[in-house]
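Note sheet for the following structure.
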Amino acid sequence: IFLEAMTDNKNRTVSEIRAALGKAGGNLGENGCVGWMFEKKGLITVKTEAKSEDDLMELVIDAGADDMQTVEDHYEITTAIENFETVRKALEEADVPMDTAELTRIPQNTVSLDAKKGKALLKLMDILDDHDDIQKAYSNFDIPDDVMAAIIESS
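All residue numbers for the sequence shown refer to the working numbering, where the first residue is 14 and numbers rise by one.
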């Protein structure tokens, strides 16, 4: 888990995060110890009904996007940080409505989880997301659809 936090009291925030991680069986590493596992990228999402896949792919690749994938009812467009604004402007100028356009951290590899670990990590992510000082929480875990269905069913 990679956390971005902003605080007026570093000691309090570190203590609270360390306690939350400890309760979940984890621990707080040194600054930057997992940063290498995540790549900073631009991420833009567009609903699939906004434009045909071929037309959108041509537009964003020409503008400098790295990749575009269809995920359920939307397209996910990833860009290098230096191309993010160019791709965003190209979509804006083509009147393509964007659901989100943000800089994010994408895991280079993912770890598949079973139901027990998946449930525990989802609970931890909720706790971290609710913490006032945490701005963003990124993770590299993957919960397969069948395992997620089992987690939801057991809740």
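A virtual CB, placed ideally from N, CA and C, is assigned to each residue, including glycine.
- Every unbroken stretch of the alpha helix (DSSP H) spanning 4 or more residues and falling wholly within the segment 22 to 97 is given here in chain order: 23 to 36, 66 to 76.
- The alpha-carbon separation between Gly38 and Glu29 amounts to approximately 14 Å.
- The beta carbon of Thr92 sits closer than 6 Å to the beta carbons of Gly55, Ala78, Asp79, Val100 from its chain, once the five residues preceding and following it are set aside; these are given in chain order.
- With 16 or more other Cβ atoms inside 10 Å of its own Cβ, Arg118 counts as buried.
- For Ile140, the uninterrupted alpha helix (DSSP H) segment begins and ends at 128 to 143.
- Between Glu52 and Lys149, the gap from beta carbon to beta carbon reaches 8 Å or more.
- Annotated as distal: Leu126 and Val73, with beta-carbon spacing of 8 Å or more.
- Ser167 sits in a helix when the DSSP states are folded into three classes.
- Around the beta carbon of Ser65, fewer than 16 other beta carbons sit within 10 angstroms, so the residue counts as exposed.
- Residues Thr58, Val59, Lys60, His87 of the same chain have their beta carbon placed closer than 7 Å to that of Asp112, with the five preceding and five following residues left out of the count.
- Of Ala33, Asn40, Thr26, the smallest CA-CA separation from Asp145 is found for Thr26.
- CA-to-CA, the gap between Lys23 and Arg31 works out to about 12 Å.
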